[in-house]
Amino acid sequence: TLKAEEVRRDAYQDYSDAKRKMSDWINYYNSERLHSAIGFLTPDEVFAGKMEERLAERRTKLYNATREREDYWANQQI
(Lines of atoms letter the chains of each structure in order from A; the text may use other names.)
(Lines give C-alpha, C1' and ligand atoms only; values in the text may rest on other atoms or scores of the structure.)
Protein backbone atom coordinates (compact mmCIF):
# COMPACT_ATOMS: atom_id res chain seq x y z
CA THR A 588 0.00 0.00 0.00
CA LEU A 589 2.80 2.44 0.80
CA LYS A 590 4.41 1.68 -2.54
CA ALA A 591 1.16 1.99 -4.51
CA GLU A 592 -0.28 5.04 -2.75
CA GLU A 593 2.83 7.08 -1.99
CA VAL A 594 6.10 5.93 -3.53
CA ARG A 595 4.87 5.47 -7.10
CA ARG A 596 2.82 8.69 -7.04
CA ASP A 597 5.47 11.11 -5.87
CA ALA A 598 8.92 12.23 -6.92
CA TYR A 599 11.38 12.80 -4.12
CA GLN A 600 14.08 15.44 -4.12
CA ASP A 601 16.43 13.45 -1.91
CA TYR A 602 16.54 10.80 0.81
CA SER A 603 15.34 13.13 3.59
CA ASP A 604 12.40 14.30 1.45
CA ALA A 605 11.42 10.68 0.78
CA LYS A 606 11.75 9.79 4.45
CA ARG A 607 9.60 12.76 5.54
CA LYS A 608 6.86 12.12 2.96
CA MET A 609 6.72 8.41 3.73
CA SER A 610 6.57 9.15 7.45
CA ASP A 611 3.68 11.58 6.84
CA TRP A 612 1.88 8.96 4.77
CA ILE A 613 2.35 6.26 7.42
CA ASN A 614 0.95 8.64 10.05
CA TYR A 615 -2.06 9.35 7.79
CA TYR A 616 -2.53 5.62 7.11
CA ASN A 617 -2.60 4.74 10.81
CA SER A 618 -4.46 7.72 12.28
CA GLU A 619 -6.80 9.10 9.59
CA ARG A 620 -7.43 6.60 6.79
CA LEU A 621 -10.44 4.36 7.37
CA HIS A 622 -9.92 0.64 6.74
CA SER A 623 -12.79 -1.54 5.55
CA ALA A 624 -11.28 -4.70 7.04
CA ILE A 625 -11.56 -3.25 10.56
CA GLY A 626 -15.03 -1.75 10.30
CA PHE A 627 -14.03 1.54 8.67
CA LEU A 628 -11.98 2.57 11.67
CA THR A 629 -8.36 3.63 11.84
CA PRO A 630 -5.65 1.24 13.05
CA ASP A 631 -4.90 3.70 15.88
CA GLU A 632 -8.51 3.45 17.14
CA VAL A 633 -8.40 -0.34 17.09
CA PHE A 634 -4.97 -0.50 18.73
CA ALA A 635 -6.17 1.88 21.47
CA GLY A 636 -9.08 -0.46 22.22
CA LYS A 637 -11.77 1.93 20.98
CA MET A 638 -13.28 -0.36 18.34
CA GLU A 639 -16.41 -1.34 20.28
CA GLU A 640 -16.95 2.23 21.48
CA ARG A 641 -16.73 3.62 17.93
CA LEU A 642 -18.99 0.91 16.52
CA ALA A 643 -21.55 1.54 19.28
CA GLU A 644 -21.49 5.28 18.50
CA ARG A 645 -22.06 4.48 14.84
CA ARG A 646 -24.99 2.16 15.62
CA THR A 647 -26.58 4.84 17.80
CA LYS A 648 -26.23 7.48 15.08
CA LEU A 649 -27.67 5.11 12.48
CA TYR A 650 -30.58 4.22 14.75
CA ASN A 651 -31.34 7.90 15.44
CA ALA A 652 -31.13 8.81 11.76
CA THR A 653 -33.49 5.96 10.88
CA ARG A 654 -36.04 7.12 13.48
CA GLU A 655 -35.81 10.73 12.25
CA ARG A 656 -36.30 9.63 8.65
CA GLU A 657 -39.31 7.49 9.62
CA ASP A 658 -40.83 10.40 11.56
CA TYR A 659 -40.25 12.75 8.64
CA TRP A 660 -41.96 10.49 6.12
CA ALA A 661 -44.78 9.58 8.51
CA ASN A 662 -45.73 13.27 8.72
CA GLN A 663 -45.63 14.03 4.99
CA GLN A 664 -48.85 14.89 3.18
CA ILE A 665 -49.36 12.89 -0.01
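Quick note, our numbering runs 587 ahead of the 1-based positions in the sequence shown.
By construction, the Cβ of each residue, glycine as well, lies at the ideal position given by its N, Cα and C atoms.
query, result
"Hey, how far is the Cα of Thr-647 from the Cα of Asp-631?", "22 Å"
"Taking only runs that begin and end inside the region 623-665, name each unbroken alpha helix (DSSP H) of 4 or more residues, in chain order.", "630-634, 638-661"
"Using DSSP with H/G/I as helix, E/B as strand and the rest coil, what is Asp-601?", "coil"
"When you compare only the Cα positions, how much space is there between Met-675 and Leu-621?", "Nothing in the structure corresponds to residue 675, since the chain is present only between 588 and 665."
"Here's the rule I'm using: 16 or more other beta-carbon atoms within 10 Å means buried, otherwise exposed. How should Thr-629 be labelled?", "buried"
"Where do the N-terminal and C-terminal ends of the alpha helix (DSSP H) with Leu-589 fall, by residue?", "589-592"
"So, for Thr-588: in the same chain, excluding its five sequence neighbours on each side, which residues have a beta-carbon less than 8 Å away from its beta-carbon?", "Tyr-616"
"Measure the CB-CB distance between Trp-612 and Glu-593 and report whether it falls below 7 Å.", "yes"
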